[in-house]
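Notes follow the structure.
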Amino acid sequence: MSRPSDHIESAVPAGGGVSQPTLGPVGYARFFWRQLTSMRTALILLLLLAIASVPGSILPQRTADPNGVIQYFESNPELAPLLDSVQLFDVFGSVWFASVYLLLFISLIGCIIPRTRHHLTALRTQPPRTPARLERLPAHMAVELDGSDAATAIASAQTQLRKAGFRTRLVEGEKPSVAAERGYLRETGNLLFHLALVGVLISAGIVGSLAYTGQKVIIEGHRFINVLADYSSFNPGSGFDERMLEPFMMVLDSFEVEYESENLNAYGFPVDYTAFVSLVSPDGTDEQRTIKVNQPLPVHGYEVYLLGNGYAPKITVRDGDGNVAFSDYVAFLPQDNNLTSLGVIKVPDAAPESFGMIGFFYPTAAELSTGALTSVHADLQNPVLTLNVYTGDMGLDDGVPRSVYELNIDEMMQVAGGVSGTAALELRPGESATLPGDLGTVTFESAARTGEPSGSESVLRFATFDITHDPSGPWVLLFSVVALAGLILSLVVPRRRFWVRASEQANGRVHLEYGGLARGEDPGLMTALNDFAENHIRLLTMKETSP
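Numbering follows the working numbering, in which position 178 of the sequence shown is assigned residue number 159; successive positions increment by one, without gaps.
Right under this line is the structure:
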């Protein structure tokens, strides 16, 4: 019906637009909680956590490499304070990293709790009733049989479904049917995966903060005591306390290396390393053990790994006044497979002036065509030590920690070796040499016993050990295995529902309908329904034909 020609539209009242309901504090809290506890948010937070860990592997960290942080400040005086202001030198203890970690933890818990409740409810709930029109399901088939009745057919189907692991629900009536469901292990595996992920977060974040690892260089005949001051380097977790160190002592009795001597293509190649150690417990118990590469030694909850080895010549330095200014074993770090090694000797208290030396040690020295020395074998067959001497300020008093394996020669003058015009000092075990400029003398002490030739026993070896204590390791492994098992279950177990309906026709035959429905994509659904239907029909046929 049309409006009259004189109709006048009424004016829209002011402010009469569509109004949205307003959210109060509780409403906003619920909204943000739903956003935080969604699986999408959990995945985003997991990605952010991985990205946030990247600076910790690029920049030196105060907990692991405090000297590296100091050197970074020296090398980058403008950039370093800016990075420090956002805690990039303490990434894993920073506020923002802990916030992402905590939000991920809360998000996962918030996802898991309602899903667990829903899953437990589903486990106690019967399968859904049979749909009115099974032909609309993605998997469907229908057959007619002679010589059977509807109740018998449905009872047989229920028995067969139960044997296949389905939970069943029988619906009686004029057209009896059975509803069946299986595959709850899929959701159980999914929940196990996420619970295990929370366990990994707790293990790595909380229990892992109690972990610590340290390295120690031990020379043959010397000992290591498990106290903080005796480590060569130490990397503690954020929850470490010095009182957590278990007391024990380890002595490196000897270090043996087996070299290939029969295969000429691999002659001189090391084939086995063995560290013979003595462990002394607080009660005085002494135990002899061995440590090999990839065969760590368990000690009071620690794992002691053999990392490397080399030679440690004993060097004695007398200053210009004849006083012993330095006398100790010096670990020389290997530079190649034949153990050509580099070492540093610092003599800051010598008179009349302090000096340092950079040395090269050759276990089996040989001269190249250029006149330079090299080592042609890793064993001690012709040990030679050469020393370059430097005088001046070694930078030991500028407040910056210096490595014992490095000599800062920026402010020093070379007086022997190199471009100094004076040949480098060359010593063999038991020999001494006079230092240039009346600095004193240096002696390469022989470790060989009296009467023994200065050969294979003239220089002691050292071994580098990694002492690790990580209480989170077993827990992380356990939860990782659980997570893997849960992931496998969630991927391989299909969630399926089957229905079977029987109705007796006027001609005396039984009309059977089969329907199947899967949760998600299931390319094997139709095949599984066909296999079930064929077995069911075969069983019914066998019952009718049997006497």
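Even glycine gets a Cβ: it sits at the ideal position worked out from N, Cα and C.
message: Given a cut-off of 8 angstroms on the beta-carbon distance, is the pair residue 229 and residue 240 in contact?
response: no
query: Taking buried to mean at least 16 other C-beta atoms within 10 Å of its own C-beta, is residue 167 buried or exposed?
result: buried
field: Completely contained beta strand (DSSP E) runs for the segment 124 to 152, where each covers 3 or more residues
entry: 148 to 152
- request: Give the DSSP bridge partners of residue 271, in chain order.
  value: 257
task: Give the single residue among 207, 509, 388, 121 whose Cα lies nearest to the Cα of residue 449.
output: 207
4 or more residues per run - each alpha helix (DSSP H) lying fully within the segment 25 to 52: 35 to 39
Residue 441 and residue 310 closer than 8 angstroms at C-beta: yes
message: The alpha helix (DSSP H) that contains residue 16, what's its start and end?
response: 6 to 17
query: So residue 422 packs on residue 413, CB below 8 angstroms; how close in whole Å?
result: 5 angstroms
message: At the level of alpha carbons, what is the spacing between residue 397 and residue 407?
response: 11 angstroms
message: Could you check whether the segment 492 to 511 touches the segment 171 to 179, counting it as contact only if at least three pairs of C-beta atoms, one from each stretch, sit closer than 8 angstroms?
response: no
- prompt: Do you know whose CA, among 173, 82, 96, lies nearest residue 187's CA?
  reply: 82
message: Just verifying my parser: in three-state terms, what is the DSSP assignment at residue 113?
response: coil
message: So the candidates are 488, 355, 360; which of them puts its Cα closest to the Cα of residue 290?
response: 360
field: Contacts around residue 123, its chain only, beta-carbon distance under 6 angstroms, and the 5 residues preceding and following it disregarded
entry: 494
field: Collapsed DSSP secondary structure at residue 281 in the structure displayed
entry: coil
message: Going by DSSP, what residue range makes up the beta strand (DSSP E) through residue 479?
response: 477 to 485
message: Counting C-beta neighbours from all protein chains within 10 Å, is the total for residue 356 16 or more, i.e. buried, or is it exposed?
response: buried
For residue 88, three-class secondary structure by DSSP: helix
task: Quick one: grab the DSSP three-state call for residue 407.
output: strand
task: Spatial neighbours of residue 254 within its chain, please: CB distance less than 6 angstroms, with the 5 preceding and 5 following residues excluded, ordered by chain position.
output: 238, 274
message: Closer than 7 angstroms to a non-hydrogen atom of the ligand HEM - does that hold for the CB of residue 389?
response: In terms of ligand content, the structure shown is empty, and the ligand HEM therefore cannot be addressed.
task: Might you give, ordered along the chain, the residues of its own chain that have their beta carbon closer than 6 angstroms to the beta carbon of residue 431, omitting 5 neighbours on each side?
output: A caution first: residue 431 carries a pLDDT of 46, below 50, which makes its placement in the model unreliable, though a value can still be read off. Here the set comprises nothing.
query: So residue 366 packs on residue 294, CB below 8 angstroms; how close in whole Å?
result: 6 angstroms
query: Across which residues does DSSP place residue 492 in a beta bridge pair?
result: 125, 484
task: Assign residue 55 to one of two classes, buried (16 or more other C-beta atoms within 10 Å of its C-beta) or exposed (fewer than that).
output: exposed
- prompt: DSSP state of residue 247, grouped into three classes?
  reply: helix
Helix, strand or coil at residue 523 [DSSP, three-state]: helix
- prompt: What's the C-alpha gap between residue 328 and residue 37?
  reply: 36 angstroms
message: For residue 496, tell me which candidate among 488, 513, 489, 175 has the shortest Cα-Cα distance.
response: 513
- request: Specify, as a first and last residue, the run of the beta strand (DSSP E) that residue 348 falls within.
  value: 346 to 348
- request: Compute the Euclidean distance between the alpha carbons of residue 307 and residue 456, then round it to the nearest angstrom.
  value: 48 angstroms
query: In whole angstroms, what is the alpha-carbon distance linking residue 148 and residue 140?
result: 10 angstroms
message: In this structure, how does DSSP classify residue 313 when only helix, strand and coil are distinguished?
response: strand
query: Just to confirm, are residue 444 and residue 256 a CB contact at a threshold of 8 angstroms?
result: yes
Identified DSSP bridge partners for residue 73: Its beta-bridge partners do not exist; DSSP assigns none.
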